[in-house]
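One structure is given below, encoded as structure tokens.
Residue numbers (my numbering), protein chains in the order written: chain A, 617 to 899; chain B, 4 to 194.
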């Protein structure tokens with residue numbers, strides 16, 4: 617893998633038969649992922665964009681293998697097709713776009729194939745020794761709230777996935793925060809650039825807050841029962857259907873220690889002040 | 004339903020706090036039952052009549068428990084498809100039972116907590132639990148292929164069934180979403 621610049625990659629025309637010229641294998645939380653390319657020089661660009669805590673593997677073992685093939689011999693605009701198994705994810709798109717799609721998909725693949733860990737779609741920070749989970753789907757404002765909490769002194773664990781082990785503890789998935797500006801453009805900001813630090817150790821969950829952003833909303837969260845809290849986690853669980861037994865057991869353990877709340881929230885800075893007040897008051 | 008019997012097949016159970024979580028593997032639904040609903044679910048084994056279940060609630064919860072409370076719980080469980088041969092009472096009948104019970108105990112906070120609650124969600128498909136990328140690994144080796152469909156359409160992203168009238172059921176056998184709320188298909192039973 618001699619070059620890290622995709623634009624420098626040797627180009628070749630697409631043919632039906634995929635001929636592997638380069639390969640990259642990594643593992644992350646037990647998920648083993650492979651990326652095959654039909655040209656050398658493309659994959660090095662991915663090395664610093666792999667999911668957090670990924671470990672490069674020498675062994676060509678994977679439960680999930682991507683194929684990246686270059687499709688156009690235009691030197692100024694290399695294109696590619698990305699596939700996973702028999703599914704084409706993007707077809708003949710600019711290489712940069714294809715790599716962005718791959719980077720995004722790798723995180724999904726890790727969340728699906730993780731072994732012994734359960735991925736819940738949630739922001740996660742640690743405040744005074746216990747984790748705070750903020751479950752929510754896309755565009756629920758998780759990153760905004762996580763960022764504000766980190767700026768207030770919380771330890772960063774994730775803006776995307778709460779990674780839970782069998783004891784219900786949350787592990788770091790400290791990818792750069794995907795901060796969206798008002799125009800909807802996403803920039804990836806390492807937590808250190810925000811003056812924050814990423815956690816390194818598993819931590820028990822103390823709080824689960826299912827908050828929904830609404831402009832001008834008044835902060836009036838209501839407590840949830842343990843079962844309701846577990847349901848809020850389950851509805852954001854990546855493999856809720858195939859790993860339902862694991863999910864129930866793990867969430868049962870999470871809710872042994874966690875307080876669960878739900879409600880609407882307004883702007884992040886105001887929410888953080890109110891939220892930290894709630895935490896300090898012990899609920 | 005002289006001797007009500009709760010479903011026992013294709014269900015995963017997990018106690019948490021006072022609640023019982025029930026995962027219906029057949030329908031990919033998850034329910035949380037509060038203590039009253041959970042007691043009825045556990046004791047409705049086909050050998051106990053309604054009067055016996057009243058006695059269970061009186062012993063375990065409070066002496067004010069009565070037949071209305073038991074019938075409410077059975078109705079909620081039946082609507083969540085957690086009973087065998089359920090008689091599914093209408094929402095009007097459930098509300099009438101609730102009104103009678105509340106009138107009996109008054110609006111005393113602690114006693115109204117006795118009201119049976121069953122909250123239901125549809126377990127999300129993998130794609131629905133993702134941010135920005137609807138694609139899970141779709142390779143056939145993964146075992147998660149069936150979870151990785153695009154799933155429901157954009158109108159059904161919110162699958163929580165906390166609002167009975169807005170309950171949207173994502174049909175597990177198709178990629179279409181249909182509004183499942185009707186007069187006889189209300190899953191959440193907190194009304």
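All C-beta atoms in this analysis are idealised placements derived from N, C-alpha and C, irrespective of residue type, glycine included.
The model shown is predicted, which means the values in this text are computed figures rather than measured ones.
Under the criterion of beta carbons closer than 8 Å, residue 679 of chain A and residue 648 of chain A qualify as touching, at roughly 5 Å.
Closest in C-alpha terms to residue 804 of chain A, from the list A:665, A:636, A:698 and A:735, comes A:665. For residue 14 of chain B, the enclosing beta strand (DSSP E) has its first and last residue at 14-19. Where residue 669 of chain A is concerned, there is no enclosing alpha helix (DSSP H), because DSSP gives it neither an H nor an E. Only exposed fits residue 889 of chain A, as fewer than 16 other CB atoms lie within 10 angstroms of its CB. A Cβ-Cβ contact shorter than 8 Å links residue 743 of chain A with residue 770 of chain A. Residues of chain A whose Cβ lies closer than 8 Å to the Cβ of residue 37 of chain B are, in chain order, 841 and 843.
The beta-carbon of residue 728 of chain A is placed less than 8 Å from the nearest beta-carbon of chain B. Interface annotation, residue 853 of chain A: in contact with chain B, CB-CB separation under 8 Å. For the segment 877-895 of chain A, no residue has a beta-carbon sitting nearer than 8 Å to a beta-carbon of chain B. Taking each of A:671, A:684 and A:677 in turn and checking the Cα distance to residue 634 of chain A, the smallest one comes out for A:684. Take the alpha-carbon of residue 47 of chain B and the one of residue 80 of chain B: they are about 11 Å apart.
Here residue 834 of chain A is exposed: its Cβ has fewer than 16 other Cβ atoms, across all protein chains shown, within 10 Å.
Taking all protein chains shown into account, residue 695 of chain A has 16 or more neighbouring C-beta atoms within 10 Å of its C-beta and is therefore buried. Straight across, the Cα-Cα distance linking residue 669 of chain A with residue 645 of chain A is about 8 Å. In the three-state scheme derived from DSSP, where H, G and I count as helix and E and B as strand, residue 791 of chain A is classed as coil. For residue 34 of chain B, the uninterrupted beta strand (DSSP E) run begins and ends at 32-36, by DSSP.
With respect to the C-alpha of residue 776 of chain A, the residue from A:878, A:760 and A:801 having the closest C-alpha is A:760.
Taking C-beta separations shorter than 8 Å and ignoring five residues to either side along the sequence, the partners of residue 675 of chain A in its chain run 641, following chain order.
Taken through DSSP and simplified to helix, strand or coil, residue 812 of chain A comes out as coil. Put simply, the backbone Cα of residue 102 of chain B is about 54 Å away from that of residue 810 of chain A. Contact check for residue 758 of chain A against residue 765 of chain A fails: the beta carbons are separated by 8 Å or more. With a cut-off of 8 Å on Cβ pairs, the segment 837-845 of chain A is in contact with the segment 877-889 of chain A, counting three or more such pairs. The residue from A:707, A:651, A:706 and A:656 with its alpha-carbon nearest to that of residue 682 of chain A is A:651. Relative to residue 734 of chain A, the option among A:704, A:785, A:745 and A:717 whose CA is nearest is A:785. Residue 861 of chain A and residue 16 of chain B have their C-alpha atoms roughly 9 Å apart. Using a Cβ distance threshold of 8 Å, residue 736 of chain A and residue 762 of chain A do not count as a contacting pair.
Of the residues A:730, A:788, A:768 and A:767, the one whose Cα lies closest to the Cα of residue 774 of chain A is A:788. When DSSP states are grouped into helix, strand and coil, residue 716 of chain A belongs to the helix group.
Annotation for residue 753 of chain A: no residue places its beta carbon closer than 6 Å to its own, counting only its chain and skipping 5 residues before and after. A Cβ-Cβ separation of about 15 Å leaves residue 67 of chain B out of contact with residue 56 of chain B under the 8 Å criterion. Inter-residue distance for residue 128 of chain B and residue 745 of chain A is about 33 Å (C-alpha atoms, whole angstroms).
In the DSSP annotation of this structure, the continuous segment of the alpha helix (DSSP H) that includes residue 100 of chain B starts and ends at 94-108. Listed along the chain, the chain A residues whose CB falls inside 7 Å of the CB of residue 31 of chain B are 857. Neighbours of residue 124 of chain B in chain A, taken as residues at a C-beta separation under 8 Å, are given in chain order as 847, 850 and 851. By the criterion of a C-beta distance shorter than 7 Å, residue 693 of chain A is surrounded in its chain by 710, once the five residues flanking it on both sides are discounted.
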